[in-house]
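For what it's worth, the working numbering labels the leading residue of the sequence shown as 7, then goes sequentially. Just below is one structure, and these are the notes that go with it.
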Amino acid sequence: MGNRLTKIYTKTGDTGSTGLGDGTRTLKCSDRIEAIGTVDELNCIIGVLLCEALPDEISEFFTKVQHQLFDLGSELSVPGYIALSDESVSTIEKKLDAINQHLSPLKEFILPGGSRPAALCHQARAVCRRAERCVIR
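Spelled out as structure tokens, the structure:
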């Protein structure tokens, strides 16, 4: 396991730069830092969702996704480091397909809401799409 953070601030970024996992520095406004922050935001939203009463299978799935988002954050913060495989992405997609099989086919876009967990899922979906755009920049 890598270094564990003992505090949430370092006082080394006050000049507009921040440290990456490999010790190099980059601007806080860089695309890489935007991607890291957006992936972290997605992980936080999933954490809030997990505070809701969810079926065990769904809670376990989202917890695994959270761990994979931490891995993605590691990849983004250490240039050249690879923590996720194509198989990990495929596993998530297969699970989503399995969950989708129990739902009626969508005929139109739906408004976010319905229940707190459903609204949080919509929020997570929207942030996930933003994270994807940030990561590929």
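Glycine included, each C-beta is placed from N, C-alpha and C at the ideal position. Computed from a predicted model, the values in this text were never measured in an experiment.
Euclidean distance between Cα positions of His-128 and Val-45
Here residue 128 corresponds to residue number 122 of the sequence shown, with the count starting at 1. Here residue 45 corresponds to residue number 39 of the sequence shown, with the count starting at 1. Their backbone Cα atoms lie some 16 Å apart in a straight line.
Give the DSSP-derived three-state secondary structure of Ile-52 in the structure shown.
For the purposes of this step, residue 52 is taken as residue 46 along the sequence shown, with counting starting at 1. Helix, per DSSP.
Which partner residues does Arg-31 have in the DSSP bridge list?
Translated into positions along the sequence shown, residue 31 becomes position 25. DSSP, once it has assigned bridges, lists Gly-25 as partnering Arg-31.
Does any C-beta atom of chain C lie closer than 7 Å to the C-beta of Lys-13?
The chain labelled as chain C is not found in the depicted structure, where only one protein chain is given.
Under a three-way DSSP split, which group does Gln-74 fall into?
Taking the first residue of the sequence shown as 1, we reach residue 74 at position 68. Note: Gln-74 maps to helix in three-state DSSP.
So, Val-84 versus Gly-27, is the Cβ gap smaller than 7 Å?
As a position in the sequence shown, residue 84 is number 78, starting the count at 1. As a position in the sequence shown, residue 27 is number 21, starting the count at 1. Yes, they are a contact pair.
Going straight from the alpha carbon of Gly-53 to that of Gln-72, what length do you get?
Taking the first residue of the sequence shown as 1, we reach residue 53 at position 47. Taking the first residue of the sequence shown as 1, we reach residue 72 at position 66. Taking the straight line from one Cα to the other gives about 8 Å.
Taking the straight line between their C-alpha atoms, what separation do you get for Glu-21 and Leu-33?
Translated into the one-based positions of the sequence shown, residue 21 becomes position 15. Translated into the one-based positions of the sequence shown, residue 33 becomes position 27. This sequence places Thr at residue 21; Glu is not what is there. Cα-Cα distance, rounded: 9 Å.
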